[in-house]
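> Questions regarding the structure given below will be posed in turn.
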Amino acid sequence: MSSPSGFFAPSRLVLARKRRGLTVLGLAQLSGVSPRSVSAYERGERSPSPQARSCLADALDFPEGFFLGEDLEEVPEPAISFRAAIKHTAGRKNAGRSAARIGILINEWVEERVSRPDPDVPRLPGTDPETAAQVVRISWGLGQAPVSNMIRLLERHGVRVYALPPDCADVGSFSLYWRGVPFLFLGQAGGGAEARVEAAHELAHLVLHRGEASPASSEAETAADEFAAHFLMPAPDLLGRTLYRAGSDRIQDVSRALKVPGMALAHRLRGMGLLDGEDYRSACANLHRFAAPFVGGETSQVLTDLLTAGQGQQVRPADIARQLRLTREDVIGHLHGLAPVLMAGNGYPMGPPPGRPPLRMIRSS
């Protein structure tokens with residue numbers, strides 16, 4: 001069912017309710033609208049009165065205008081496999097999936113204004129993780145060199161990267177294909193080394209496991225972990241770094257060079273046979289107690305350029321929110337940690353980084 005622009009769209013009410021983690025009854029209690037009426041609105045049996053629509057908008061903290069327009073297709077449940085899914089209630093999963101749909105909506109707005117590369121993610125179902133990681137590295141021209149910026153690497157190959165808003169970051173990072181386009185939603189965007197590992201883990205799912213549906217299994221998660229280790233810490237690179245029986249200081253130094261957590265590198269060295277059991281336990285004990293946290297998160301080139309563009313082309317989160325009829329906070333939730341402009345406070349642009357060429361904007365003829 002499709003709703004003409006300007007008419008009430010039932011799917012938008014469903015999306016907003018699930019985004020806030022509410023049941024029909026919960027929304028009814030918050031809004032003062034009866035559960036029967038809420039259900040009728042969501043099924044498209046009737047449209048809410050202006051007063052009821054206002055009450056629903058207030059309860060959901062969505063602008064009233066959001067509920068008017070084209071229907072929005074939901075992200076299907078099988079499209080996302082949440083890590084440790086058993087720990088998450090249906091409401092938390094719905095919040096995560098609905099947040100992804102809002103992120104996709106924001107991305108559609110971005111792509112009307114910014115040229116982005118076509119997806120270039122190899123699909124390698126059934127391939128062992130080490131081989132798959134090497135195939136992707138070769139396909140993307142990385143060789144055995146360290147990955148300097150994981151987020152921007154993904155963007156160069158057509159992956160759309162957004163943050164998960166803080167209120168639903170507990171479901172953890174996830175990835176999905178939406179109409180053939182790969183998306184990654186980071187639960188700790190801007191989080192430095194840990195975020196890089198999460199991004200590589202989700203790349204593994206896009207490469208190994210994403211088709212029409214995504215398997216939620218311990219085997220799939222283990223394979224994704226192995227892919228991430230091989231992708232960020234390829235064996236030829238490590239073998240050339242004098243890491244046989246390396247102590248915690250050496251491991252810490254190399255982990256900084258590779259921008260990976262020290263514990264992750266120690267685990268990788270153990271798997272390669274470069275550390276024996278005693279070496280590994282000793283290194284982990286010291287790394288756990290003394291390793292300094294990796295500082296300096298990675299940002300999105302696309303979002304940074306969009307929000308800091310020169311020549312009067314700056315875009316503020318409030319601009320995106322107004323045009324999509326979202327709250328400014330919901331928009332910022334998908335950009336936080338990925339766009340330095342947000343650090344200026346109030347979402348106002350700080351100007352383009354020095355030496356950066358101006359953003360190429362798409363102009364309609």
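Note that the UniProt record's numbering gives residue 324 to position 324 of the sequence shown, counting from 1, and the numbers run on in steps of one.
Positions of the beta carbon are idealized from the N, C-alpha and C atoms, including for glycine.
Keep in mind the model is a prediction, meaning the values are calculated, not measured.
Any idea which residues DSSP pairs residue 395 with across the strands?
The question about residue 395 has no answer, for the chain in this structure spans 1 to 365.
> Have a look at P165 and A339 and give me their C-alpha separation to the nearest angstrom.
14 Å
> Use the C-beta contact count for G172: other C-beta atoms within 10 angstroms, 16 or more gives buried, fewer gives exposed.
Counting other Cβ atoms within 10 Å of its Cβ, G172 reaches 16 or more and is therefore classed as buried.
> Is F290 buried or exposed, if buried means 16 or more other CB atoms sit within 10 Å of its CB?
exposed
> So for W140, helix, strand or coil by DSSP?
coil
> To the nearest angstrom, report how far apart Y41 and D330 are at their CA atoms.
23 Å
> Work out the CA separation of E130 and V136 for me, nearest whole Å.
10 Å
> Do you know how far the Cα of A229 is from the Cα of S11?
40 Å
> Measuring straight from C-alpha to C-alpha, what distance separates G96 and A283?
37 Å
> Using a threshold of 8 Å, state whether the C-beta atoms of P119 and V197 are closer than that.
no
> Quick test of your reading: E278 and M150, contact by CB under 8 Å. State the CB separation rounded to the nearest angstrom.
The Cβ separation is near 32 Å, so there is no contact.
> For K18, count the other beta carbons within 10 Å of its own beta carbon; 16 or more makes it buried, fewer makes it exposed. Which is it?
Buried, because 16 or more other Cβ atoms sit within 10 Å of the Cβ of K18.
> Which residues bound the beta strand (DSSP E) around L243?
Unbroken run through L243: none, as it is neither H nor E.
> So what does DSSP say about P349, is it helix, strand or coil?
At P349, the pLDDT of 39 sits below 50, so the modelled position is not reliable and the matter cannot be decided from this model.
> Hey, out of G240, F174, R241, whose CA is closest to H209's CA?
F174
> Can you find at least 3 beta carbon pairs, one from the region 101-121 and one from the region 242-254, that sit closer than 8 Å?
Not touching, per the Cβ criterion.
> State the CB to CB distance for the pair A16 and F62, rounded to an integer number of angstroms; the pair is presumed to be in contact (CB under 8 Å).
5 Å
> Under a three-way DSSP split, which group does F290 fall into?
helix
> So the candidates are E194, G187, A204; which of them puts its Cα closest to the Cα of A264?
Per the Cα distances, E194.
> Check whether the Cβ atoms of G191 and G6 sit closer than 8 Å, and answer yes or no.
no
> How many Å lie between A9 and E202 at the Cα?
33 Å
> Spatial neighbours of residue 424 within its chain, please: C-beta separation below 8 Å, excluding the five flanking residues on both sides.
Since the first residue shown for the chain is 1 and the last is 365, residue 424 is missing from the structure and cannot be characterised.
> Tell me which residues share the same chain as L124 and place their Cβ nearer than 7 Å to its Cβ, disregarding the 5 neighbours each side in the sequence.
Excluding positions up to five away in sequence, the list reads A132, V135, V207, L208.
> Going by DSSP, what residues sit across from F174 in a beta bridge?
Paired residues: F185.
> So, W109 versus L324, is the Cβ gap smaller than 8 Å?
Their beta carbons are under 8 Å apart, which means W109 touches L324 by this criterion.
> Give the C-beta separation of L25 and A59 to the nearest angstrom, bearing in mind that I take them to be a contact with Cβ-Cβ under 8 Å.
The pair is not a contact, with the Cβ atoms about 12 Å apart (cut-off 8 Å).
> Any idea what DSSP makes of F8, helix, strand or coil?
Here F8 sits in strand by DSSP.
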